[in-house]
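Worksheet for the structure shown next.
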Amino acid sequence: MKNIFNATTVLPFSGLQRRPENVAQLRAHIVKLCRALSEDLCRKVVTNATVRLQEVVRQNGGYIAHVLH
């Protein structure tokens, strides 16, 4: 759990002004962030994951970073 509460990890990316003091505060912030995700963003993520998984299948489960860049 230390990495979750590490200010250098959480604060810059999540909009938190200060570290959560407990798990309940962390959970509340995560729920808030999840509710803010747009349907369009979710569709893009799923499409991207699908493309990557299809490439993994084409590569027989091999390394694919060199193919996708």
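Count along the sequence shown starting at 1, add 2, and that's the number in our numbering. We treat Cβ as the ideally placed atom computed from N, Cα and C, and that holds for glycine.
Quick check: the Cα distance between residue i and residue j, rounded to an integer number of angstroms?
| i | j | result |
| --- | --- | --- |
| Lys46 | Thr52 | 10 angstroms |
| Pro22 | Arg37 | 18 angstroms |
| Ile32 | Asn62 | 35 angstroms |
| Ala30 | Gln19 | 14 angstroms |
| Asp42 | Ile66 | 26 angstroms |
How many whole angstroms separate the CB atoms of residue i and residue j, which I take to be in contact at a CB cut-off of 8 angstroms?
| i | j | result |
| --- | --- | --- |
| Val48 | Glu57 | No, Val48 and Glu57 are not in contact; Cβ-Cβ is about 15 angstroms, not under 8 angstroms. |
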